[in-house]
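What follows is a single structure, written as structure tokens, with notes after it.
There are 2 protein chains.
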Amino acid sequence: MSHILLVEDDSDIMRINRTFLENEGYTVHCADSVQTASFMLEECVPDLVLLDVMLPDGDGMDFCKILRQKTQAPVIFLTARDENDSVIMGFRSGGDDYITKPYDLNVLKARIEAQLRRNVKQSPQHPKIELPELTVDLFAGAATLDGNEYSLPQRELQILYMLASQIGSRISYHDIYKTIYGCDVEDSKNTIRVNISRLKKHLNMDDMSTYEIAATSEGEYVLRRVIF
Amino acid sequence: MSHILLVEDDSDIMRINRTFLENEGYTVHCADSVQTASFMLEECVPDLVLLDVMLPDGDGMDFCKILRQKTQAPVIFLTARDENDSVIMGFRSGGDDYITKPYDLNVLKARIEAQLRRNVKQSPQHPKIELPELTVDLFAGAATLDGNEYSLPQRELQILYMLASQIGSRISYHDIYKTIYGCDVEDSKNTIRVNISRLKKHLNMDDMSTYEIAATSEGEYVLRRVIF
DNA sequence: CCCTGTGATTACAATTTCGTAATTCTGTTC
DNA sequence: GAACAGAATTACGAAATTGTAATCACAGGG
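Chains as they are written, first to last, in my numbering: chain R, 375 to 602; chain E, 375 to 602.
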């Protein structure tokens, strides 16, 4: 279940919140000052932070900025102030929500759930190139062609990625080599040639494939969609 | 230099354009019908297409849609019509510009250059995670930590990518294994552990690094920014 | 102080990766 | 057809990758 870091200097409020949240199934870590909270951050890893704005040894908003460098966990400010300026400052310092005291515990619960929901739905969507019948997934190190998936070694994947990201335009040996290796060498052609050959074999590219890698007479390669 | 595919059925206009463009240093491929143009596409790989809307054997806009599946080269329509509907149709079918006859050759040149410029500036920007003092580049297969660049093997890169994309939140062995291998196995812990150990070594992670990979007592890992 | 369990690291070996070089293929010119 | 050039593929071996298993480190409990 989710871990919540509760930063609050009023011991009554802390106790009430803690009990309530623990009953809801959360693991609660408590701190009553900026210093303690900073220390706790080293120990626990919160999924969400409930942060009082007024703390004995500092401002919750300043703490929020520091916290933001460590985690992207949502921060909900708890405060007595409800002036617009304060709210704006809260959001500006990286807060995700702002609840003014006194508040209903079920409202608190609902807002916590909303924040946690938002955070999980930000599911990892890896960068991918998706063309009809061809995809290139850098994270997975794999590509699909005509419905089949093939995992590819780095060099081949890099080349395919470059070609696919500029489908239909010519890319020189030179450019490919430079992009992949960072520099250029006299005899870069052969290396690229060999790797493209390997790529084609790995992908089972043949006359029936939807795509072909064609070479121009000027030392360039093109990925092209074959239309029958 | 750039290759231009010129599709135009009026032989006078074609000749004039061709001569002019070749003098400007372009390589020009000519076609006088949709069929010829389709055929030429198999031979040449244009960087830009000049397309007459009215062709003897079909509509330039239909051809444009076909062409779009093969290449993202910019398409400039050349036409006598200048009704709004036609212009809109042209853009809708995938065109990038629309020039009405008669036109000044230098205007044509300027528009061609503008399109080609737009296309090169779309330079390849690889997907990257960039945090302060830490970057992860899936394309290059490398990461930087505290100013030093390290190239990483796939497994370690995948793990670092997952951790970095959710800095400060806990990720279970389970999740990591499932994301990387697609399935989950009974004894997934060890594999992940070993790879994280290797990752730390590759990155020269120590007490002085800006980031640390911490394990929780619940079988999870967290990437955290260390604040001194 | 010795177990013991768990996490971290190291060792090892099968496999993969990948640049270089050799060979084959293909089209062009004479 | 021979000769050639350049492209494509194959061959090869050094190096890297990576899952598994063994070992080490270390805290908690008897």
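The beta carbon of each residue, even a glycine, is placed where N, CA and C say it ideally should be.
* Taking the DSSP output, what are the residues bridged to C404/R? -> L380/R
* Kindly list, in the order they appear in chain E, the residues whose Cβ is closer than 7 Å to that of Y535/R. => F513
* CB of G469/R within 8 Å of CB of V449/R, strictly -> yes
* chain E contact residues for S543/R, given Cβ-Cβ distances below 8 Å -> V419, D421, T445, Q446, A447 and N493
* Under 7 Å (Cβ pairs) to chain E, residues found in the region 582-594 of chain R -> T590
* To do: Out of C438/E, Q409/E, F413/E and K502/E, point me to the one whose CA is closest to L422/E's CA.
  => C438/E
* Throw me the rounded Cβ distance for the I541/R and Q489/E pair, which I believe falls under 8 Å. => No, I541/R and Q489/E are not in contact; Cβ-Cβ is about 17 Å, not under 8 Å.
* With distances taken Cα to Cα, identify the nearest neighbour of S376/R among R392/R, Y400/R and C418/R. => Y400/R
* Just reading off the alpha helix (DSSP H) that S525/R is part of, what are its end residues? -> Segment N522 to S525 is the beta strand (DSSP E) holding S525/R; no alpha helix (DSSP H) there.
* **Range of the contiguous beta strand (DSSP E) that encloses E504/R** => K502 to L505
* For K495/E, does the three-state DSSP call read helix, strand or coil? -> With a pLDDT of 49 at K495/E, under the threshold of 50, the modelled position of this residue cannot be trusted; read the value that follows with caution. Note: K495/E maps to helix in three-state DSSP.
* Who pairs with S546/R in a beta bridge, going by DSSP? -> E594/R
* Within 10 angstroms of its Cβ, does N569/E collect 16 or more other Cβ (buried), or is it exposed? -> buried
* To do: Identify the continuous alpha helix (DSSP H) that holds I566/E and give its terminal residues.
  => S562 to H576
* To do: Could you check what DSSP says for L482/E in three-state terms: helix, strand or coil?
  => helix
* Using the beta-carbon count (16 or more within 10 Å), is P420/R buried or exposed? -> buried
* Asked: Taking just the CA atoms, how far does I440/R sit from D581/E?
  -> 20 Å
* Assuming S546/R and E507/R form a contact by the criterion Cβ under 8 Å, report the distance between their Cβ atoms to the nearest whole angstrom. => With 8 Å as the limit, S546/R and E507/R do not qualify as a contact, their Cβ atoms being about 26 Å apart.
* Asked: Does the count of Cβ pairs from the region 557-575 of chain R and the region 400-409 of chain E closer than 8 Å reach three?
  -> no
* What are the start and end residues of each continuous alpha helix (DSSP H) run of 4 or more residues lying completely inside the region 419-443 of chain R, in chain order? -> 434-442
* Determine, using beta carbons only, whether M435/E and L379/E come nearer to each other than 8 Å. => no
* Helix, strand or coil: how does DSSP classify T453/E here? -> strand
* How would you list, in chain order, the residues of chain E whose beta-carbon sits under 8 Å from the beta-carbon of R598/R? -> V419, K444 and T445
* Contact set for E632/R: own chain, Cβ-Cβ below 6 Å, skip 5 residues either direction -> A question about residue 632/R goes unanswered here, because the residues of chain R that appear run from 375 up to 602.
* Asked: Comparing alpha-carbon positions, which option in I587/E, P527/E and F513/E lies nearest Y555/R?
  -> F513/E
* Beta carbon of F451/E, beta carbon of Y477/E: below 8 Å? -> no
* To do: At 8 Å on the CB atoms, spell out the chain E contacts of Q528/R, in chain order.
  => G515 and Q528
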